[in-house]
Every structure is written in C-alpha cells, then in structure tokens.
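Taken in order, these protein sequences are the chains called R, X, P and U. Converting from the first sequence to the numbering used here requires adding 12 to each position, the first position being numbered 1. Converting from the second sequence to the numbering used here requires adding 12 to each position, the first position being numbered 1. Converting from the third sequence to the numbering used here requires adding 12 to each position, the first position being numbered 1. Converting from the fourth sequence to the numbering used here requires adding 12 to each position, the first position being numbered 1.
Protein chains: 4
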Amino acid sequence: MAAKIEGIFTPHMVPLDGQGNICETELRRYVEWLITKGVHGLYPNGSTGEFIRFSPDERRRIVRIVCDQAAGRVPVLAGAAESTTRETIDACQTYAEYGARAVAIVSPFYYRLGAESVYAYFREIALNSPIDVTLYNIPMFASPIDVPTIQRLAELERIVGIKDSSGDLPFMMRMIRSVRSARPDFVFLTGWDVVLVPMLLLGCNGGTNAISGVTPELTRRLYDLVRAGNIAEAVTLQYRLLELFDTMLYSADFPEGFRAGVELRGFAMGQSRQPMSENQRIDRAGLQRVLQCILADFGFVEAPAEGCPPRTGSVERDRVAQITANVVHELRQRGVL
Amino acid sequence: MAAKIEGIFTPHMVPLDGQGNICETELRRYVEWLITKGVHGLYPNGSTGEFIRFSPDERRRIVRIVCDQAAGRVPVLAGAAESTTRETIDACQTYAEYGARAVAIVSPFYYRLGAESVYAYFREIALNSPIDVTLYNIPMFASPIDVPTIQRLAELERIVGIKDSSGDLPFMMRMIRSVRSARPDFVFLTGWDVVLVPMLLLGCNGGTNAISGVTPELTRRLYDLVRAGNIAEAVTLQYRLLELFDTMLYSADFPEGFRAGVELRGFAMGQSRQPMSENQRIDRAGLQRVLQCILADFGFVEAPAEGCPPRTGSVERDRVAQITANVVHELRQRGVL
Amino acid sequence: MAAKIEGIFTPHMVPLDGQGNICETELRRYVEWLITKGVHGLYPNGSTGEFIRFSPDERRRIVRIVCDQAAGRVPVLAGAAESTTRETIDACQTYAEYGARAVAIVSPFYYRLGAESVYAYFREIALNSPIDVTLYNIPMFASPIDVPTIQRLAELERIVGIKDSSGDLPFMMRMIRSVRSARPDFVFLTGWDVVLVPMLLLGCNGGTNAISGVTPELTRRLYDLVRAGNIAEAVTLQYRLLELFDTMLYSADFPEGFRAGVELRGFAMGQSRQPMSENQRIDRAGLQRVLQCILADFGFVEAPAEGCPPRTGSVERDRVAQITANVVHELRQRGVL
Amino acid sequence: MAAKIEGIFTPHMVPLDGQGNICETELRRYVEWLITKGVHGLYPNGSTGEFIRFSPDERRRIVRIVCDQAAGRVPVLAGAAESTTRETIDACQTYAEYGARAVAIVSPFYYRLGAESVYAYFREIALNSPIDVTLYNIPMFASPIDVPTIQRLAELERIVGIKDSSGDLPFMMRMIRSVRSARPDFVFLTGWDVVLVPMLLLGCNGGTNAISGVTPELTRRLYDLVRAGNIAEAVTLQYRLLELFDTMLYSADFPEGFRAGVELRGFAMGQSRQPMSENQRIDRAGLQRVLQCILADFGFVEAPAEGCPPRTGSVERDRVAQITANVVHELRQRGVL
C-alpha cells in the first residue's frame, strides 16, 4: 500500500528562461534544493505553480521533470486538472506512469458550479483514474467544494484526501468530523500558510504551503515543532511567517511575490508570463527590498546594502510608507515636485 | 476601414457528437440558422460557448468552421483567450487569417488580478495583435476591468470596444462617459440579456446575448424595436425574455440551461463535457419541460403533450413547486412515501 | 381613497444646529424649498435622512415638523422603523395622526435575517398599522427582501408598495412581474438615482432619490422628461446626474457628500453626528470644491473663485488627481517635501 | 488599577415575560446561574443579547440589573452603543456608575463606514468616556475595524481591548502583532466560539462566546484546558462544541437558536421580539429536539422521550433529513400526500 500523504508538500513555482520557456536545469536545481531543505513532498502544477499559465504539454513536462528529479526520495503530488474530464483522466494516467504518488485536481473553475456538478466532476475522474486523487478546494479561484460533497466523494476509494486553501478553520473541522470516522486514511492538507499551526493541532495531516517554496526550512520546522508538542515555539514561528506571507501575498498579484522570494534564495525564476506594467516593476523592486530584510532577519540572505527601514509590525503601515515613498519618487522624476 | 461592430452578436454554443467531439455538421447547420434568423454577428468561444472546455486546437477549429460558414455574410467576433499572452497573440493571428472581424479577449481568469496587471495584459496583446481586439469584462468569472483601466486601454488604437457581462448599468454609463468623447468609434456591447433594452437606450452599440442563441428572432426584434424608438413594445418583450432567461440561467449550472434551449429549437447539442449527476438529469428534464412551455407561448415549439402548469409569474415559486414535485416523486420511487 | 404614491419623493436630510440638535427653522425652510422646486413628496427618516442617528423622540419630531410644513401640499412618506415591531407600530399610529400619507419600513437591520423572518416582521406590522405601509429594501444595509417574500407580502392590503435601493434592474423587473397583475395599485419606487430613467421606463412609479435633496429641479425634470417620452434628453440628463451622484456618494462616507451638496444650495446643515477626523475635514473641503464646480455647470451656484480643474470625465481619475494633490499638500505642511 | 479583562465573558440573552417585557426575576436567576457555572465575566447588550431590539431605557435597565446581581463577584463588560456618540458617552457614564468594569462599543452599523470614520467615532468616545472602552469588531453586522485603525486607537489609553467576532485567525494575529509590543495590557477577546482553542493558543486573552450562555461549564472547561496546556483534550471538546454551535447558529436566524438552547437549561426566555412565521415555529421545535439530544450527550438534560435520531456527524445532512421530514409532514397535513 502506498504511503500516506503527510507533512509539507511544496507547491513550487517553475523557473523560466529568457524566452519564457521552462528552464529545466533551474527547475531541477530548485527541486533538489527543496528536497535537501526537508520538505516532505513536491506539488507541481498547483496555483502557486501557475498551472493555468502553461500549456497541456508543458504541464506534463513539468511533472515529468519533477518526478524524475525526486527519484522516489519524496512523493510527488501532481496537479492534473485539464479542460475536460477526459483530458484530466489522460493526465492522471501519464502522471501515474511518471511515478507520481497521487494527483491533485482543482475543482472546476471559471464557471462557478454548484455542489451537484462538483460531485459529478470528481466522481467521473475518480472512477477512471489509475492513480490516487486528492481534491483541491480553493473557493477564491474555483467552484467551492462543500462538506456534504466531500462526504459523498470520500465514499470513493480512489479519492484519498483534500487540499483546502480556504484557510477556514471551522470548515476544516467540519470536513474532518464528517469524513474521518468512516475514512481514517483520508488526508487533510491545508494550503493557507498562516494558520498551519492551528490546522495541524486540529487534526490536519500537513500542508501544501507556498511559503515552503521560499523558506522550506521554516515550514518544515513549524511542522516538526507542532508534532513534537512544542506549541509555544511553533506559535512564535507562525507569527514570524505571517509577516513574510503577508508581504509576498499582498504586495503583488499572486503569485508574483513568491517568485520574488524564490529569487532571493538564489534561483533564476525569469519573468512571469503575466505581463507587468512599469509601475508594477517599480513596486516589485520595492517589495524585493522588504523581503530581503525579512529573510535577512532569519539569516537566509544578507540585508540590503542600503539598510532596512524600521518595521512597524504592521504590513499595512509599512506598505503605506512604501507607497508614499514611491509616489514622491515618481512625482520628482516627472518634475512635479 | 472595417465595419463597426454593432447589433446582436450571438455567443453560440458548440454541438457535440456522441463521442463528445465537435460535431461540425450540426455546428454549421446551427450557425446557418442563426444567420437566417437575423443575428448581426457570431461570437464563438465565449463563456456561453464553453471555450474553457475545449482544447486550444478545438478552439481554433471552432473559429475556422464558423468563419467559413458565415462566409462574410455576418462578422465574426472570435474569443481568443489562451493560457498566455504569447499563445493568445498566436490565436489572434490565426483568427485574422480565418477572416474574423475582431477577437474578444476575456480578462485574466482563475487568479483575480489587480488593475495594473489587467492593463499590462491587454496592452501586450493589443500591441502585438494583427486584428482588432475587444475587451471582455465578466467579473463573476474573471478579473474585473475597471473604468480607469478601460480609459487607459482605449488609448490603444487596436482596442476597439468592450463586451461587458456585469449587467451593471451605472458601470456601463461610467465607461461610456469616460471613453466615448475621445474614441467615438469605441464599441460597447452588453452581455447581460435582461437589461438589453435599457443598455441600448443608454448608448450601447449592441449585445452579445446568450439568449440570442435560443431565440435569435426575439433578441433581434428587441434590438430593432429600440432602434425604431418603440420603447413600450421593447419593454414588454424585455419582460417576456426575462422569464426565459431566468429559467435557463438559474435552473441549471451555466450554460446547461441554454443547451437545453437550443435543443428545443431543433439542434442536437450532445452531452456537456461537464458530467451530470443523476439528480441533475432529472432536474434538466424538468427544466426542459418548463422551457418548452415558455417557447410554446412564443409559438416556436409545440407545448408538451402533458400540458403546461399555470405559471405564477415568479420563477422562484415555480421552481419551488417543481422541486417539491421532484422530491415527492423521488421519495415515492424509493418507497419512502 | 388615498392618492397613489407616485413621482419623486425626497429622502431629505435634517439640518442640525451648533449644539448638534435638530434645527427646526432650517428644516422648515429646506422642506419649503424642496416643495417649491417641485418634488412630489417628502420622505423623512430615510437612510439619507440618517434616521439611525436620531433618538426615537427626535424621529417623531422630524416627521411632525415635515408634515406640518408640508401642510397637505405634498404627501409625506415617513420612515417609521424602530427597534421592535411594537414600537414601530406605535410610530405608525403617531405618523398617521401627523397626517403622513404612508410609512416606509426598512427591513430588519444589524442581524441579517432570512426570508421567513423578514416576512413575519412586515406581516406583523402590516396587520397592526393604521396607515399604509411601503416596504424598504436596501440590501447593502439591511436584511434583503426577496421576490417571493414581496409577492407574499403584497397579499396584505395594508402594504401598498416597495422602495428598492438595490439599483438592480432585473430584480425590479422580477418584482413588478410577480406583483403587478394581482395588485395593479402596488407601487414600485427606486432609490438608486443613477438608474432612474431605465427604472421608470421599465415600469417604476417613481423614485426616492437622495440627489433630489440637492438638485430637486433636475430629478423632477428627469421624471417629467421620461413621462413625456423624451428619452434622448432624459438620458443626457441622467448622464450628468451620474457625475454628481458619484461625486457625492463615493468621495465621503454616505451620506456626508449629500450634506455637502445641500449646503451648497444655501442651507446650514451643521456637523454630522458621525465624528470626522482631520483628514476627513480636508477631504470634505476638496469634495465641496468639486461639487461646487459641477453645480456651477448647471447654473445653480457660482463657480469657485479659484476656478475649476478640467474634468476628465472620469470620477476615478479626478479623485486620484485630488488625492495626489492633497497628499503633496500635506507632505509639504509636515515638512517632508 | 482595575483587573485585566480575561477569560470567558458571557454575551448573555435577556429573558422576556409574557408581555414581551424584560423579566427581571428570570434575568437575575439566569445571571446567577452563569456565575455559579464559572464564567469569568458577564457581557450584557451584546449581539447575542439583542441590544438592538431594546430601547435605550431598557438597555440601561439590563446593565443595572446585571451589575447589581453580579455584585462585584465577576466583572461586567457592558455593551454601550447608542445612536450617537453623545448618547453613547452618556451610557458610558451611567454604566460606570452602575459598576461595570468596562464598556464594549460596537463599530458604527447600518451604514458601512470607512476606516477614517470608524477611527473618529471611537476616538471621540474614548476621549470622553469615564470608563474603559473595548472595541467590538463584527464585520458581518457592522463597519469593519481594520488593523491600522486598531493600531491607531490603541494609542488612546482609555481603549483597553478589542472583542473580535470575525473568527478570522490571521486577522487576530495581525492585530496582536501590531498592538501588543506597544500596549502589553491591551486585551484581545474572540467572539467566534468554534475557534476558541486556536485563538487562545495564538495569544487571545479570552472570549465572549454565545455558547457560554448555554453551556457555561464547557466553555470554561475549554479555557481551563488550554491554559493548563492540555491541548489534545481541548481540541476534542472544541469539536464537540462545533456541533452544538453549528446547530444553534445555522438552524434559525441568529440568535434564536441560542434562546432555544438557554430554555433547555431551564430558563423561561419568552418569545423573541422578532416575530416568527408558522413555518419558523415548526422549524424551531425541530431544532430544539436536536439540541436536546446534543445536550443530553453532555449529560445536561434528559434525552427526548421519543429518542434521538442517529447523528451522521454532518450538520448539513442532519438538517436535510430534518427538512425532508418536515416537508413530508406538512404535505401530509395539507392532504397533498
């Protein structure tokens, strides 16, 4: 029987080269680094991994590279959603051949479908997939999966877990309560980094956390602290990760802030396939300076040569300060001031 | 200079065969029928057309067939959004070669991007497209395009209009006020069928209306009535279309109700690529009976042999009645009653 | 039989004196002016009238003054919602004695109640009120009233209409379709100024429009133009009112922008009972300058001595310009620049 | 110096007599029971306490009775929001005289005010209140208080804490991070019962939990377990409280389910001032049966004579079962089946 999916699975990004194509060398180097740093598994083609910005062929190539590089050292949870169930099932077969441990299928997106449609969608995939399936609930981007639907879907053996990125604790508790007694093997993973500690305490089996692609050591340590019952230290670390997470999440359109973070750890990520305006380039440079300061606090990088501003402890205030600085800077350049 | 995009553009669906593939024969027959019934243009690969449920190759094939069948008799507005700007620009080139009048590009979806990203995205496409571009704003499914962004994008010559499916009248007025004086040629189309009359009165150039794929005669007549200044009759027809629209929109996950409607007009649409549960099949059969009654009122089809229930004038009440009937039916079948 | 409630009912504000108390003299002068300018009725204790910021006794006093001043020349629709149905019914009795034509009762607020509770609430009031009742639906502030509930409530003779401030045209159409055939006397009023023209065209009987407290002449003219079938001119005026409305609505927390507008028409409104920060005072002064420019375009007031900035036609851009100016102003004052 | 506000403060309901008036005897008996059962403090005039459904005089009377009955044994946190800051400040003075430990002021409601208005509102009250003030953030019912605003307000000595009912853990963490270092005495209370354990672990000082008005023993025990570091047992209890909470919260419009719960503990609560429809009475009877079963599991009451249905562990499913039963029951009564 296959190993249970537990611990920290990194929904990693994909480095691009100067032409905007997948940079295989850097992807392998990045995946290798993540494994070395202690993540329990890899999760290509997630939302952080920008699956929607790759073609079907590219998505396959990403999973192939990642499975190959992981070489069985850590399990791979492969994002497999395609435009139809038929193509998704095809992808499931391919990823099974590549050696993925399971696939993760996001709920239908673009249209906001009701519970019956969500059920029918996953049911068809589960009945035809040769590889274990985890559901992926991310209601801010895709049709929500509600508790009764999860309960119905958990009756299908092929469905082995759910990754939930709502960050909603009571929802997680309702899911666990509804499913666990009948399916003790069913796995619950949280995709909302800033509540990882409470989620684990309430019974989650692990997380698929974007931040673990930037600071895999810390997410792993958070997990280990909770498992060791060292709650006080885990909470302290959770607070520190909150600042890092907020900075990467709210200072640029997702997941660009995380790309900026991975770059600071020494990987050439290339430009996003989502174009940026001139204003956004300026903002991103400012964001990266702030990020460098936070990462320097952890000792991962050097602080910027020009020094770090005193942080107020409030991302909002820091951002306002940064924005004001940028506005003034720009006004000066335009000769307005 | 190319003709202005005006009037009713049908965001038509795509018939599928028994294997779930595009049925070219039926698609051509359907497109031909729409042209005969008087729509001003065709709009393949829209939201109603389920563009997200086709592969990139299939989307190209759909546009090729539609352009070919239209044969210049009516303009084609081709949905061209692909997973990256590079691929979208490729599609623009292809659709220009096929003879499309313009492309429609939906705002980036899945992620909810901010205004700067939306601007940068459309700007890059507009600067590289060999064919006129219309923006497509559908905030319930994709990143919203706000008024200042539209104003900035209207500075690019290649962008010639916007299709807005928010149904928000004041928003439409704000767009028109912000853009029209500087760009009198810029076209505003509404995708929200039930406010077509007021939208036209407030200055819209036309609509891309799902209902025109089911009752092209009526949408066309609505348009003609407004243009002729016959407001009273237009309003009466608008009210009748409201019932039809609500029934198709709210009785099944979009756009399944419209597929049911097109079938009633005599086209074999095939099963949706989105799987249906058993419950949904029962609901859909019930919906189709109600739809048949409404279409019979207009004289488009025969009323069902078993007769039509008295309609209360309230879709909500009618649906409750229908649901209750179904529940009881099912309970009886299961031997509960 | 009492006259039908039709036309423009002004949800007027209440002038306060230097101590923050109701200024009866100015209230009478203001009400008199509104009548002179042609509004069809008065609507004290609405949302614009800040009913929630007055005590139960003050609310009674406001209605007493307004009924007395109107003296039967125009009907008074008195906002009568109190903290319980018992007290609300008391207020209904009092307002009947004062000579109000009808009361308007907002749906229960603070808690968001479901349809059954909303129904039970209005039913109890309707069965005990000695005066005609209009429902007041304002879903952004109070529990929503849905179409089936309106249909049920319209079975009660005492309920004679609904004032809807959702601004949602299809919702208005659904209400009208559900109720009008059984209750042709039932009145539909819209509280969303910027869609007054389409609402009237679709069958509304009138409006309770905040803007009519600032420019009663214009709202009245809009109404008359639609009734006379002069749609083109009505639409042009509607667009001009959009700019005025947006400026008053979005440049300060509601209804402070409308207070600023009424002041410009020559009434001493006093300070709001909602405290303002220093920043807000600066913003309000800026808003009032913009408002003065817009009102000067209509010829109602003189333009500011320092002149008016060129308006871009986009409230958003104008506001950004204003904000930037304010930021720079403040930074200079603080010695930052 | 006054004692820090810590632990479980019960936002208790107010028993009404047959005429719908405050029943002082029962209120005293209920408050006495709560104290006996171990809650750390009392919180009259909260949202659970239906403050909005009492007159200003009644609200004063409630606080007077509660302070008198508590007689200094436990601190009283008195809800003091009135329609204007002036009247609110009056209430603050009165409640100080009654011996309340502090007041709780809900953010301005009905209108949704922006951050500057919220700041100005609380600032004015804080500068004029003779008694400590706690902010009350409940964004589903009132204007939201954001993190920068809390940070600014925490600069005022009179403001000593915040009660947050958003249930949003990352928001709570952001507040704590922004305020605690500068104001270590500042108190954070959570009003969202189902996340009490994680909130306490992340640094909250206590809770104002509706459920503690029904099962004060359990909320107190939850608190004690967390403080004693017995996380595993606390989590188990938290899961059991989730079922109870969901049943009371989602089976009737808030806070009617809690009234039903308090009744089961032996207090005559009287009918709500919010009228109920016939359907609602039937639903409430069904709810009370389910509640009785849950409370019987804890040993607080006897199970219903007719026995308890097997619970599936999913409130949604149980509710569907209950609804279906009710529908069938009703249909039978109407002779439909």
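In this text, a Cβ means the ideal position worked out from N, Cα and C, and glycines have one as well.
- Counted as a single uninterrupted DSSP element, the beta strand (DSSP E) harbouring D176/X occupies residues I171 to D176.
- Given a length threshold of 3 residues, each whole run of the beta strand (DSSP E) inside the stretch 125–208 of chain R is given here in chain order: 145–149, 171–176 and 199–202.
- In this structure, P27/X sits near M281/X, with a CB-CB distance shorter than 7 Å.
- Between the stretch 210–223 of chain X and the stretch 272–288 of chain P there are fewer than three C-beta pairs closer than 8 Å, too few to call the two in contact.
- At least one beta carbon of chain U lies nearer than 7 Å to the beta carbon of M185/R.
- Going by C-alpha positions, E290/P is about 14 Å away from R164/U.
- R271/R and S284/R do touch by the CB rule: their CB atoms are close to 6 Å apart, below 8 Å.
- For F21/R, the uninterrupted beta strand (DSSP E) segment begins and ends at G19 to T22.
- Note on T248/U: under 16 other CB atoms within 10 angstroms of its CB, so exposed under the neighbour-count rule.
- Under DSSP, F121/P forms a beta bridge with A154/P.
- Here G32/U carries a coil assignment [DSSP, helix/strand/coil].
- Of the residues assessed, F257/X falls on the buried side of the cut-off, its CB having 16 or more other CB atoms within 10 angstroms.
- Within its own chain, the residues whose Cβ lies closer than 7 Å to the Cβ of F198/U, once the five positions on either side in sequence are excluded, are A166, V172, G173, V191 and R192, listed in chain order.
- Under a criterion of Cβ atoms nearer than 8 Å, the residues of chain U adjacent to A132/P are, in order, Q286, P287, M288, S289 and Q292.
- Chain R has no Cβ within less than 7 Å of the Cβ of D69/X.
- Neighbourhood of L165/R in chain U, by CB distance below 8 Å: empty, with the nearest CB roughly 13 Å away.
- Residue-level contact check: V238/U does not touch chain R, since none of the beta carbons of chain R fall below 7 Å from its beta carbon.
- Judged by DSSP in its simplified three-state form, L234/R adopts helix.
- For F310/P, the number of other beta carbons within 10 angstroms of its own is below 16, and it is reported as exposed.
- Here V206/R is near L254/R, since their CB atoms are less than 7 Å apart.
- Nearest Cα to I20/P within the set G50/P, A194/P and C35/P: G50/P.
- Using a CB distance cut-off of 7 Å, T96/X counts as an interface residue toward chain R.
- In the three-state reduction of the DSSP assignment, G91/X falls in the strand class, which pools E and B.
- Taking 7 Å as the threshold, the shortest C-beta distance from L46/R to chain U does not fall below it.
- For G319/R, the secondary structure class from DSSP, reduced to helix, strand or coil, is coil.
- Straight-line spacing of the CA atoms in I306/X and R189/P works out to 15 Å.
- Within chain P, the residues whose beta carbon sits less than 7 Å from that of I64/U are S95 and Y122, listed in sequence order.
- Within chain R, the residues placing a beta-carbon under 8 Å from that of G126/X are D265, ordered along the chain.
- The shortest CA-to-CA distance from N149/X to any of F121/X, R233/X and I47/X is the one to F121/X.
- For I77/X, the uninterrupted alpha helix (DSSP H) run begins and ends at P68 to A82, by DSSP.
- Excluding the 5 residues flanking it on each side, T22/R has same chain C-beta neighbours closer than 7 Å at L46, V51, L54, Y55, S224, G225 and P228, in chain order.
- Ranking T97/P, C104/P, R98/P and R65/P by CA distance to the CA of R76/P puts C104/P first.
- Listed along chain P, no residue sits closer than 7 Å to I171/X by beta-carbon distance, the nearest being about 17 Å off.
- Measuring C-alpha to C-alpha distances from M25/U to each of Q31/U, A14/U and R71/U identifies R71/U as the nearest.
- Contact between the stretch 26–41 of chain P and the stretch 232–252 of chain P is absent: fewer than three C-beta pairs spanning the two stretches fall below 8 Å.
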